[in-house]
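**Student:**
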Amino acid sequence: MTLAIPLADLAPYYRNPRAGDLDAIAESLSTHGQYKPIVVNRGTHTGRPNEILAGNHTAKAARKLGWDAIAVTWLDVDEATAAKIVIVDNRTSDLAGYDTALLADILTDLPDLEGTGYDQEQLDDLLDDTSLPAPIELPSDGAGTGAAATVDYLQWGYLQWSSTRVRITQDEVEFLNAIYKRYVDEQDSDLGFGWHVLNEEHHASEEDAA
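By numbering that gives the first Met the number 0, the letter at position 71 of the sequence shown is numbered 70, and the numbering carries on one by one without gaps.
If you want it as structure tokens, here you go:
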């Protein structure tokens, strides 16, 4: 049995309290297609045939895109059950949360943000909200702090330019620190270090041997 039903045959839920982001849903449909069916009540017990219980805004976005049909899962429930399905479908989404650090990592790893519902500004806000390690107090002579710095501070970090920020690992932090130490030892200053990092080729094996 086909899931595709003409959009013209479907009716929105008659008192849907949800206000959805049609532009974001339309972008998702354009990018990924419809990856889950909407839920429609046949209406035998309510007197309102082919009424959408879950996916009202998906159907609106599909109409906005000029779609003729949409995939549907059918129910046939009474008035109270229909109302509960509409409410719980929205409420469970509201109650859900995120591991923001993991979400930011996943979004950063993507080649682009198209079809995710996020833009670069929102990703930057996520990254800004991700907790950074608290600075640790190091004696000026650095005595006895190497292990503490490695354990407490150099677990991970960020590199940022313009509005792009990427997470770097402990090994990468230590590699950059090694490049920095070598540069300062050779130049007796850190002036020009940024240009040096960006424009000179660096290899971990060479730095480790230095």
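From the three backbone atoms N, C-alpha and C, an ideal C-beta is built for every residue, glycine too.
Just confirm the distance between the C-beta atoms of residue 54 and residue 37, as a whole number of angstroms; I'd bet it's less than 8 Å.
**Tutor:** In the sequence shown, counting from the first residue as 1, residue 54 sits at position 55. In the sequence shown, counting from the first residue as 1, residue 37 sits at position 38. With a Cβ gap of about 3 Å, residue 54 and residue 37 count as contacting.
**Student:** For residue 212 versus residue 74, is the C-beta distance shorter than 8 Å?
**Tutor:** Lying before the first or after the last residue shown, residue 212 is absent from the chain, which here runs from 0 to 209.
**Student:** Rounded to a whole number of angstroms, what is the C-alpha to C-alpha distance between residue 134 and residue 172?
**Tutor:** As a first step, residue 134 is located in the sequence shown; it is residue number 135 there, counting from the start. As a first step, residue 172 is located in the sequence shown; it is residue number 173 there, counting from the start. Low local confidence applies: a pLDDT of 48 at residue 134 is under 50, so the model's placement there is unreliable, and no value is given.
**Student:** Kindly list the residues whose CB is nearer than 6 Å to the CB of residue 27, restricted to its own chain and excluding five residues on each side of it in sequence; keep chain order.
**Tutor:** Here residue 27 refers to the residue found at position 28 when the sequence shown is read from its first residue. The residues are 114.
**Student:** Looking at C-beta atoms only, is the number of pairs between the region 5-25 and the region 77-94 that lie closer than 8 Å three or more?
**Tutor:** Yes, the region 5-25 touches the region 77-94.
**Student:** Please state whether the Cβ-Cβ distance between residue 182 and residue 201 is less than 8 Å.
**Tutor:** Here residue 182 refers to the residue found at position 183 when the sequence shown is read from its first residue. Here residue 201 refers to the residue found at position 202 when the sequence shown is read from its first residue. Against a cut-off of 8 Å, the Cβ pair of residue 201 and residue 182 comes out as no contact.
**Student:** Nearest to residue 56 by CA position, among 70, 25, 45 and 71, is which residue?
**Tutor:** Sequence index remark: in the sequence shown, residue 56 carries index 57 (1-based). Out of 70, 25, 45 and 71, 25 has the C-alpha closest to the C-alpha of residue 56.
**Student:** Can you have a look at residue 185 and say buried or exposed, based on whether 16 or more other CB atoms are within 10 angstroms of its CB?
**Tutor:** In the sequence shown, counting from the first residue as 1, residue 185 sits at position 186. The residue in question, residue 185, is exposed, as its Cβ has fewer than 16 Cβ neighbours within 10 Å.
**Student:** Enumerate, from N- to C-terminal direction, the unbroken alpha helix (DSSP H) stretches of 4 or more residues contained entirely within the region 50-99.
**Tutor:** You should have 55-63 and 78-94.
**Student:** Residue 40 lies in the beta strand (DSSP E); which residues open and close that run?
**Tutor:** On the sequence shown, position 41 is the one that residue 40 refers to. Start and end: 37-40.
**Student:** Is the Cβ-Cβ distance between residue 2 and residue 70 less than 8 Å?
**Tutor:** Taking the sequence shown and counting its residues from 1, the one referred to as residue 2 is at position 3. Taking the sequence shown and counting its residues from 1, the one referred to as residue 70 is at position 71. Result yes, Cβ atoms of residue 2 and residue 70 sit closer than 8 Å.
**Student:** According to DSSP, residue 5 sits in a beta bridge with which residue or residues?
**Tutor:** Counting from 1 along the sequence shown, the entry for residue 5 is found at position 6. Looking at the DSSP assignment, residue 5 forms a beta bridge with 68.
**Student:** So if DSSP puts residue 103 in a beta bridge, which residue, or which two residues, is it bridged to?
**Tutor:** Translated into the one-based positions of the sequence shown, residue 103 becomes position 104. The partner list for residue 103 (beta bridge, DSSP) is empty, contrary to what the question assumes.
**Student:** Tell me whether residue 18 sits in a helix, a strand or coil according to DSSP, three-state version.
**Tutor:** On the sequence shown, position 19 is the one that residue 18 refers to. Three-state result, residue 18: coil.
**Student:** Contact check, residue 210 vs residue 5 under 8 Å by CB: the rounded distance?
**Tutor:** Given that the chain is displayed from residue 0 to residue 209, the structure contains no residue 210 and the question cannot be resolved.
**Student:** Below 8 Å on the Cβ atoms is my guess for residue 60 versus residue 21; work out the distance and round it to an integer in Å.
**Tutor:** The sequence position of residue 60 within the sequence shown is 61, counting from 1. The sequence position of residue 21 within the sequence shown is 22, counting from 1. That belief holds up - the Cβ atoms of residue 60 and residue 21 are roughly 5 Å apart, short of 8 Å.
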